[in-house]
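Numbering (our numbering), first residue to last: 18 to 201.
Below is one structure, written out as C-alpha cells, with a few remarks after it.
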C-alpha cells in the first residue's frame, strides 16, 4: 500500500514507543494521507485487502447490494474518482448464474450512454475478483436527503423522478429491467 521508505519516514516522526505500534503507525499514515480510514480499519482488523483492483485504489465502501459491494476508488494514474462494483469471488463460485448476470450487467453498462445513467467506464477481473468501474456521482442519496431534510418539495420530487424515469426509459430501450431501484 505504501512504499517502505515512506512508512519509515512517517514512523520516524512518532514517539519512540509508538514506532512499533501498528495502530499508531496506521493512524499516522492516515494523517499523512498515505492510507484511507477504510484501509486503516481493514489493516487493523487483520485483513489484507482488497486495497487495489486493477489500476484502481479502493478508498472506502459506498454500499452493498444484491450483486456485491460498491467501493469509492481512484485510478492510480489519472486519480479519477470512480465507483467500483465488485462481485465477491465466493458469490461467483457459490451461485451458478451470479458471474453470468454480473457480466451481462457490465456488458450492457458499457453500451449505455445517458445523462441520467451512471457511465460504465471499464470492466475487469483482478486475481479472480470481477469488477465494474462506473462514474462516481458525489452527493447524498435520496434516502439520506429525506431523512435529514424531510419530504421533498413537489417540484424537486417531480424533477428527480422525471430524471429517474428518463434514465430508466433509456435502459428499457435496450431490454434492461432495473430490479434494484430504491431511494438509497
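We treat Cβ as the ideally placed atom computed from N, Cα and C, and that holds for glycine.
Buried versus exposed, by CB contacts within 10 Å (16 or more), residue i
i           : result
residue 42  : buried
residue 168 : exposed
residue 149 : buried
residue 87  : buried
residue 132 : exposed
residue 186 : exposed
residue 189 : exposed
residue 171 : exposed
residue 107 : exposed
residue 245 : Residue 245 cannot be examined here, being either before or after the span of the chain that is shown, 18 to 201.
residue 127 : exposed
residue 93  : exposed
Nearest candidate by alpha-carbon position, reference residue i, set the options
i           : options          : result
residue 155 : 185, 79, 165     : 79
residue 192 : 19, 129, 22, 68  : 129
residue 164 : 201, 68, 110, 20 : 201
residue 182 : 46, 152, 134, 72 : 134
residue 153 : 52, 99, 56, 146  : 99
residue 197 : 170, 81, 52      : 81
residue 55  : 91, 97, 75, 143  : 75
residue 97  : 72, 83, 114      : 72
residue 136 : 125, 67, 77      : 125
residue 151 : 177, 101, 144    : 101
Beta-bridge partners of residue i, as assigned by DSSP
i           : result
residue 87  : 80, 102
residue 151 : 100, 137
residue 146 : 143
Any chain D beta carbon closer than 8 Å to residue i
i           : result
residue 133 : The structure shown contains no chain D; it is built from a single protein chain.
Whole-number beta carbon distance between residue j and residue i, since they are thought to touch under 8 Å
i          : j          : result
residue 61 : residue 29 : Actually they are not in contact, since the Cβ atoms of residue 61 and residue 29 sit about 21 Å apart, beyond 8 Å.
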